[in-house]
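S.K.:
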Amino acid sequence: MGKQVSRILVYVLVFFTPFLFVQNTNELFEFPKMYFVYLVGSLFIVVTALGRLWGTGHNNRKTHLPKLLGLLVTSFVLSTLFSTHPHTSMWGYFSRFNGGLVSVLIFYGIYWSTKRLQPPIPQLLRVIALTMFPISIYAILQHFGLGGKWESDTTARAFATFGQPNWYSAYCAMVLPIILYFALFENHRVNRIGWLALFVLGFSGFWYSYSVSGILGLTVSLGLLLTLNFNLVKKNLPTLVVTASICLLLAVLNPGMFKQKISDALMDGEKFLQARLKKPADTVPQTIVASPLGNTDPVSTQYAITDSGAIRKGLWKGALNLAVSSPKVFLLGTGPETFPYEFQKFRPTSLNYSSEWNYILNKPHNYYLELLTQNGVLGLLIYLAIIIKILLAKHRVLTPALFGLFVTNIFSWPTVSTSLLFWVFMALLTSDIEGGGGRAPRDALLKVSRISSLPRLTLLALLITAYIFVNVQFVKQYSADLANKKSQNYFDQGSIEQALEYSDKSIKLNPYEPFYYRTRAKTYILQTTGQNINVTNSLKALALKDMLKSQELNPRNLSTLRGLVSLYYFLALQNIGSVAKDDATGSNIDSFYLEIAQNYYKNLTANYPTDVGVLTLVAKYQKTLGLNIDHEVTVKQVKALRSDLLEWYLQ
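Right under this line is the structure:
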């Protein structure tokens, strides 16, 4: 019975996790996926552990791969213990959470449980492969404008149920090789056609993401698949040619954003040749836009968006400087998910000239550098050893699928769905190495010794208690985010009492999240509208208390610090209901809070002197509050970093 329940749970995990997204939380895709994995995964672990207590399951031989995975988890534990912000390292970066120690422990528990369950590998892989059908349908609908309304243009780049095109394409790079393998391995003609149709459908949705990293990952994974299954390739060569031709035709007929990239590349090539031949280039419309090289140049208007490679170059340079900033960081890192806090000190000024100059960069967009900076060189070396071990295993399906992830990790990072597949695939691969074909060796079956009654009951009580306690925390955190989102919705509608009610609820459920305090502070400030001076002062005092609390919880969270800039501005006003569009000076200034706002702005610009996004934000509010001397100082800092912003952004 327990084994049947465990099998259902692992199937539920791998099948439903990729589909999940909601509309009522602060993050719509990764957040619900993560908590679904928490709730279902923890139940899966407990059911498996109960089976272990009662002497059922498999007692596998130890091989190098499980030891390496254990060492990887150990690196996360050590890095968390010495983290610069332990709460973030434990739970993850708000509001995605994948990558924190809790998520790693849950994933490792899923790995352990799957390894002990040892489900039939082909059956589980078929369940995973079938997820591509609804996901691809939705991606195709998005491409044609039928996938609902989103902030980003899905007709330009589809992201299906993953939230970002690169996240979706990374999942495809892991699953499409599995589908193609089933198509090659299948002897029944109708079933083979079905798998091939699913592959073409999956490739169609994948292509509409127009992800370069995804294309590279899929190319490598399919290349490995064909290499490791050479006999199947020879047997099915005509079928492969037809399938490849259909996919290639689809790509050629739908170039999407690649059409502009190709045009830009041809233009660059033409200019290069003209320069080498010393011929004048054709005249093109000129304008001053951001250059990723650290200055402003007259370039064609086509280059208003910086190439992602140039942005990554700056990110990677800063990440490497962070990694070698101290022996402790080099060995153990800054702690899981702390990159956004620690990177700012090493943020290259060249990023001020990219099209993402005003962004908060919370990832190095390279998982290997992310491991190096957050887990240290020890964590990175362990992960690389795992990759080598997987390559040497030469599993005909799992090795190609995993390398789809490893390649996309060069330009991105694992999401909840790809992390789940990684750990499940590792369990299947380990089982295959140890037992062959997903079945345990004969001498390992049902040889787990039974524990005597009293210790067993004690362990059972502890296990159930821990399960209930942990899941209560999961439910409270998820409920807190639901309440916070409701508070924001009521705020937008002008229903301040309801907004405050749900804001209070979110903080009561999760008192450790700075964003929730910032939300309530904003509500307090809006509530001052139309109030008498005594009520206004009381509400401002409450708002300031929440603002200071949000800073105290995480003093180096730039998202929080930037979000407080506007709130300090509104605190400095006597009456926010009578704010002129461009001028809040004169009788509408509250001198007490003006001084507080002024000091906050000074500290912020002093702590982030090379981040032009921070400086321009502060400069706007300094000017509006009449802090002219401070404004001039900030403008000089902006001018030294990127002078063209004074002409079109700080006018």
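Counted from 1, the sequence shown has number 459 at position 459 by UniProt numbering; the numbering is strictly sequential.
Beta carbons: idealized from backbone N, C-alpha and C, even for Gly.
Just so it is clear, the structure is predicted and the values come from calculations on it, not from any experiment.
How is the alpha helix (DSSP H) around Met257 delimited, first residue to last?
M.R.: Counting from one through the sequence shown, the residue named residue 257 turns up at place 257. Where Met257 is concerned, there is no enclosing alpha helix (DSSP H), given that its DSSP letter is neither H nor E.
S.K.: Looking at the secondary structure, which residues open and close the alpha helix (DSSP H) in which Phe133 lies?
M.R.: As a working mapping, residue 133 is identified with position 133 in the sequence shown. Where Phe133 is concerned, the enclosing alpha helix (DSSP H) stretches over Met132 to His143.
S.K.: Since Leu176 and Leu218 are thought to touch, with beta carbons under 8 Å apart, how far apart are those beta carbons, to the nearest angstrom?
M.R.: Here residue 176 refers to the residue found at position 176 when the sequence shown is read from its first residue. Here residue 218 refers to the residue found at position 218 when the sequence shown is read from its first residue. Rounded, the Cβ-Cβ distance is 6 Å, consistent with contact.
S.K.: Go ahead and pull the three-state DSSP assignment for Gly438.
M.R.: As a position in the sequence shown, residue 438 is number 438, starting the count at 1. Its pLDDT being 44, under 50, Gly438 is placed unreliably in this model, and the value from its coordinates should be taken loosely. Of the three classes helix, strand and coil, the one that applies to Gly438 here is coil, per DSSP.
S.K.: If you compare alpha carbons, which of Phe258, Ser89, Ser355 and Phe474 is closest to residue 657?
M.R.: Residue 657 lies beyond the residue range present for the chain, which begins at 1 and ends at 651; the question has no answer from this structure.
S.K.: Just the C-alpha distance for Leu72 and Asn537, rounded to the nearest angstrom, thanks.
M.R.: Locating residue 72 in the sequence shown gives position 72, where the first residue counts as 1. Locating residue 537 in the sequence shown gives position 537, where the first residue counts as 1. One C-alpha to the other measures close to 52 Å.
S.K.: Since Ala597 contacts Ala572 with CB under 8 Å, what's their CB separation in whole angstroms?
M.R.: Looking up residue 597 in the sequence shown gives position 597. Looking up residue 572 in the sequence shown gives position 572. With 8 Å as the limit, Ala597 and Ala572 qualify as a contact, their Cβ atoms being about 4 Å apart.
S.K.: Have a look at Ser578 and Gln551 and give me their C-alpha separation to the nearest angstrom.
M.R.: Position 578 of the sequence shown holds residue 578. Position 551 of the sequence shown holds residue 551. Ser578 and Gln551: Cα-Cα distance of roughly 29 Å.
S.K.: Please say whether Thr25 and residue 655 have beta carbons closer to each other than 7 Å?
M.R.: Lying outside 1 to 651, the shown extent of the chain, residue 655 is not represented and no answer is given.
S.K.: Evaluate Val104 with the Cβ neighbour count: other Cβ atoms within 10 Å of its Cβ, from every protein chain shown; 16 or more gives buried, anything less gives exposed.
M.R.: Sequence index remark: in the sequence shown, residue 104 carries index 104 (1-based). Buried.
S.K.: Tell me the rounded alpha-carbon separation between Val329 and Leu78.
M.R.: Translated into positions along the sequence shown, residue 329 becomes position 329. Translated into positions along the sequence shown, residue 78 becomes position 78. C-alpha separation (whole angstroms): 12 Å.
S.K.: For Lys317, I'd like the list of residues in its chain whose CB is within less than 7 Å of its CB, leaving aside the five on either flank, ordered along the chain.
M.R.: Position 317 of the sequence shown, counted from the first residue, corresponds to residue 317. Pro348, listed in sequence order.
S.K.: DSSP state of Leu573, grouped into three classes?
M.R.: The residue labelled residue 573 in the question sits at position 573 within the sequence shown. In this structure, Leu573 counts as strand in the three-state DSSP scheme.
S.K.: Closer than 6 Å by C-beta to Lys581: which residues in its own chain qualify, once you throw out the five before and the five after it? Chain order, please.
M.R.: The residue you call residue 581 lines up with position 581 of the sequence shown. Bear in mind that the predicted position of Lys581 carries a pLDDT of just 48, short of 50, making it too unreliable to give a figure here.
S.K.: Hey, quick one: how far does the alpha helix (DSSP H) through Gly214 stretch, first residue to last?
M.R.: Residue numbering aside, residue 214 sits at position 214 when the sequence shown is read from its first letter. Where Gly214 is concerned, the enclosing alpha helix (DSSP H) stretches over Val212 to Leu228.
S.K.: Is the distance from the Cβ of Pro336 to the Cβ of Leu615 below 7 Å?
M.R.: Taking the sequence shown and counting its residues from 1, one reaches residue 336 at position 336. Taking the sequence shown and counting its residues from 1, one reaches residue 615 at position 615. Cβ distance not < 7 Å, so Pro336 and Leu615 don't count as in contact.
S.K.: Name the residue from Ala170, Asn236 and Gly205 whose alpha carbon lies nearest to the alpha carbon of Ala183.
M.R.: Translated into positions along the sequence shown, residue 183 becomes position 183. Comparing Cα positions, the closest option is Asn236.
S.K.: In this structure, does DSSP put Ile589 in helix, strand or coil?
M.R.: Sequence index remark: in the sequence shown, residue 589 carries index 589 (1-based). DSSP places Ile589 in strand when its eight states are reduced to three.
S.K.: When the Cβ atoms of the region 191–198 are set against those of the region 415–426, are three or more pairs found closer than 8 Å?
M.R.: They do not touch, by the three-pair rule.
S.K.: Please classify His631: is it buried, with 16 or more other beta-carbons within 10 angstroms of its beta-carbon, or exposed?
M.R.: For the purposes of this step, residue 631 is identified with residue 631 of the sequence shown, where counting begins at 1. Result: buried.
S.K.: Within a Cβ cutoff of 6 Å, which residues of the same chain sit near Leu20, ignoring the five residues on either side of it in sequence?
M.R.: As a first step, residue 20 must be located in the sequence shown, where it is residue number 20. Once the five neighbours on either side are set aside, the close Cβ partners of Leu20 are Pro32, Lys33 and Phe36.
S.K.: Beta carbon of Thr338, beta carbon of Thr84: below 7 Å?
M.R.: Start at 1 with the first residue of the sequence shown, and residue 338 comes out as number 338. Start at 1 with the first residue of the sequence shown, and residue 84 comes out as number 84. The answer is yes: Cβ separation under 7 Å.
S.K.: So, helix, strand or coil for Phe31, using DSSP?
M.R.: The residue labelled residue 31 in the question sits at position 31 within the sequence shown. Helix.
S.K.: Helix, strand or coil for His87 per DSSP?
M.R.: One-based indexing of the sequence shown puts residue 87 at position 87. In this structure, His87 counts as helix in the three-state DSSP scheme.
S.K.: DSSP three-state call for Ser245: helix, strand or coil?
M.R.: Counting from one through the sequence shown, the residue named residue 245 turns up at place 245. Ser245: helix per DSSP, three-state reduction.
S.K.: Beta-carbon separation of Ile137 and Ser204 under 7 Å?
M.R.: Residue numbering aside, residue 137 sits at position 137 when the sequence shown is read from its first letter. Residue numbering aside, residue 204 sits at position 204 when the sequence shown is read from its first letter. Not closer than 7 Å, so no.
S.K.: Taking the straight line between their C-alpha atoms, what separation do you get for Val14 and Tyr38?
M.R.: Locating residue 14 in the sequence shown gives position 14, counting from the first residue. Locating residue 38 in the sequence shown gives position 38, counting from the first residue. Answer to the nearest angstrom: the Cα atoms are 13 Å apart.
S.K.: Determine the closest residue to Ala160 out of Ile135, Asn166 and Ala483, with distance taken between C-alpha atoms.
M.R.: The residue given as residue 160 occupies position 160 in the sequence shown. Answer by Cα proximity: Ile135.
S.K.: Using the three-state DSSP reduction, which class does Arg7 fall into: helix, strand or coil?
M.R.: Residue 7 sits at position 7 when you count from the first residue of the sequence shown. Helix, per DSSP.
S.K.: Tell me whether the region 505–512 and the region 467–482 touch, counting them as touching only if at least three CB pairs, one residue from each stretch, are closer than 8 Å.
M.R.: Contact holds: three or more Cβ-Cβ distances are below 8 Å.
S.K.: Sort His87, Gly613, Phe94 and Val233 by Cα distance to Trp357 and report the nearest one.
M.R.: As a first step, residue 357 is located in the sequence shown; it is residue number 357 there, counting from the start. The shortest Cα separation from Trp357 among His87, Gly613, Phe94 and Val233 belongs to Gly613.
S.K.: Quick one: what does DSSP say Pro455 is sitting in, helix, strand or coil?
M.R.: As a working mapping, residue 455 is identified with position 455 in the sequence shown. Helix, per DSSP.
S.K.: Just reading off the alpha helix (DSSP H) that Glu647 is part of, what are its end residues?
M.R.: For the purposes of this step, residue 647 is taken as residue 647 along the sequence shown, with counting starting at 1. Note, Glu647: alpha helix (DSSP H), Leu645 to Trp648.
S.K.: Within the same chain, show all residues whose beta-carbon is closer than 7 Å to that of Pro18, passing over the 5 residues directly before and after it, in chain order.
M.R.: Residue numbering aside, residue 18 sits at position 18 when the sequence shown is read from its first letter. Cβ neighbours of Pro18 beyond the five flanking positions: Thr131, Ile135, Thr161, Tyr171 and Ser417.
S.K.: Which residue comes first and which comes last in the alpha helix (DSSP H) that contains Val102?
M.R.: Against the sequence shown, residue 102 aligns to sequence position 102. Taken as a continuous stretch (DSSP letters only), the alpha helix (DSSP H) holding Val102 covers Leu101 to Leu117.
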